[in-house]
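Here the structure is laid out as C-alpha cells; the discussion comes afterwards.
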C-alpha cells in the first residue's frame, strides 16, 4: 500500500485540486473505496479546506488499509476483532494512545460515510454514547445532539479529568443567547483569547490595542499588564486578539461605555474608572454576576457552559490550530504562554482533550467565529 498526493494537473470541472491524497495497492492499482472517501473529504465537503488536513486523513487511512493488505483482508469484510487487532498492533509499534485514537476516529468516519452511501450495510464496530461534560477519556465521533458523543468502543482511555469544553457549534449556540452585548464580548474574550473570568471582569481599558492602521484579518497583541489588570500569579503576558473582536471592543468602548461610566461616577462619586466592562447600572462586573449570567444562558440555550469552559474551549482548539503550523511541543508552548500557565504539564491536558475534536473542525474555525462577530452589528443597542 502506498499513499500519493495529486499535483496541479489534477482538475475537477476545470478547478485545480493539489494535495488530494489517494491510495494504491502493491500492484499500483487504485483502491477505490478509500479514494472515493478522500475525494469527498478534500473536494466535496466544504468544511475541510486545508490540504494538510486532507493528508492527515490520507495518512490515517493508509495505516489502516496497509494493515488490511498485509493480512489479506477486505475492507468491507472486517469485524470488531480485526479493528482491535489493528489497534493493538499500533500500540505494539509504540504509537501513543492519542495517535491511535485519531486513526481509529478517521477510519470510523470512513465507515460511517460508506454506510451512508450504501457501500456497506453495517459498521464493523460498536458505539456507545458518552457525554463531554463527564469526559470518558477517549476519542469520540460528534453526535449533533447537545453534549452527546457516539464513541467507538475500541478507542482507548487517555487521561482522566479532561477539561470540559464546547464544540464550536455548541459555543455559538450558547454565546448567541447572552445579553446584553457586553456579555457576548466578555464571552468572546474567553473563547477566542483564553482569558480567565477574573481577567475579563477586571480588564483595564488601557490594555486594549487600537485596530486603526492594522490589516483586517490579522490578530493584534494585547498585553495583559499585571500592574493594571489582575492575572494569575501577577504574571504579565500577551494574548492575540482577532481583529474583528478588537473592532467590536472599540465600538463598545466608544458607543456604550461612556454612558455606563457616567452612571459609575454618579453612584460612586469617583473619577472615571479604567475598567473596560461595567454593568447596565454602572457597577463593576462581579464574578458572581458573571456566573449567574452564564447559568441563565445555559438554561436558555440548552448548552451547559461556565466561564472556564470557554477558556478550555480556547485551549483545546488553539492547540489543534497551532499544531497545523508548529510541532506538538511548539503548539503546547504557544498555548501555555497565551493562557498563562506556570508549567507545560498543566497545558498538556489539551492534548488529550483535542482527541475529541475532528481535524476538519479546526479549518477556519476562528474565521467562522469572526463572521459571527461581524453579524453582531450595532450590538451596543441590544
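In the working numbering, the protein residues as written are 93 to 474.
Every residue gets a Cβ at the ideal spot worked out from N, C-alpha and C, and that includes glycine.
The model shown is predicted, which means the values in this text are computed figures rather than measured ones.
Pick from the options that is closest to residue i, judged by C-alpha positions
i	options	result
residue 408	213, 346, 174 and 439	439
residue 117	142, 110, 269 and 155	155
residue 433	351, 287 and 373	287
residue 114	428, 372, 412 and 150	150
residue 258	449, 300 and 122	449
residue 278	399, 132 and 186	399
residue 312	210, 125 and 341	341
residue 260	379, 188 and 403	403
residue 137	298, 186 and 205	205
residue 215	167, 178, 181 and 187	167
residue 380	289, 358 and 350	289
residue 349	334, 362, 331 and 371	371
residue 120	96, 133, 129 and 145	96
residue 310	458, 377 and 180	458
residue 413	144, 124, 99 and 100	144
residue 218	183, 171 and 193	171
residue 299	306, 318 and 305	318
residue 152	195, 178 and 94	195
residue 359	124, 366 and 374	374
residue 94	159, 131, 107 and 132	159
residue 208	165, 147 and 132	132
residue 147	392, 162, 165 and 126	126
residue 212	169, 122 and 393	169
residue 271	124, 203, 189 and 387	387
residue 430	306, 331 and 191	331
residue 203	188, 401, 177 and 130	130
residue 460	306, 165 and 280	280
DSSP three-state assignment for residue i, whether helix, strand or coil
i	result
residue 218	coil
residue 103	strand
residue 406	helix
residue 274	helix
residue 234	With a pLDDT of 42 at residue 234, under the threshold of 50, the modelled position of this residue cannot be trusted; read the value that follows with caution. Of the three classes helix, strand and coil, the one that applies to residue 234 here is strand, per DSSP.
residue 189	helix
residue 337	helix
residue 298	helix
residue 257	coil
residue 211	coil
residue 93	coil
residue 399	helix
residue 122	strand
residue 108	strand
residue 196	helix
residue 458	helix
residue 288	coil
residue 449	coil
residue 226	With a pLDDT of 37 at residue 226, under the threshold of 50, the modelled position of this residue cannot be trusted; read the value that follows with caution. DSSP places residue 226 in coil when its eight states are reduced to three.
Own chain residues within Cβ distance below 6 Å of residue i, not counting five before or after
i	result
residue 339	303
residue 424	436 and 439
residue 39	Coverage of the chain is limited to positions 93 through 474, which leaves residue 39 absent and any answer about it impossible.
residue 353	364
residue 376	367
residue 199	156
Cutoff 7 Å; reference residue i; Cβ partners in own chain excluding five residues on either side
i	result
residue 405	257, 258, 263 and 283
residue 464	264
residue 321	291, 294, 295, 296 and 299
residue 418	426
residue 428	436 and 439
Sequence-distant residues of the same chain with beta carbon closer than 8 Å to residue i, five excluded per side
i	result
residue 135	104, 109 and 112
residue 237	Per-residue confidence for residue 237 stands at a pLDDT of 47, beneath the threshold of 50, marking its modelled position as unreliable; the derived number appears in the next sentence. So the list is empty, once near-sequence residues are dropped.
residue 308	335 and 336
residue 466	336
residue 328	315, 316, 317, 318 and 319
residue 362	356
residue 161	93, 117 and 118
Contact belief for residue i with residue j at Cβ below 8 Å, rounded distance in angstroms
i	j	result
residue 266	residue 445	The pair is not a contact, with the Cβ atoms about 18 Å apart (cut-off 8 Å).
residue 142	residue 416	7 Å
residue 333	residue 301	7 Å
residue 276	residue 468	7 Å
residue 123	residue 157	6 Å
residue 269	residue 181	That belief does not hold up - the Cβ atoms of residue 269 and residue 181 are roughly 47 Å apart, past 8 Å.
* Asked: Mind pulling the alpha helix (DSSP H) runs of 4 or more residues that sit fully within the region 128-187?
  -> Here the runs fully enclosed are 143-162 and 172-184.
* **3-residue-minimum beta strand (DSSP E) runs that sit fully inside the region 322-396, ordered along the chain** => 329-333
* Would you mind listing the alpha helix (DSSP H) stretches within the region 409-440 that are 4+ residues and don't spill past its ends, in chain order? => 420-431 and 436-439
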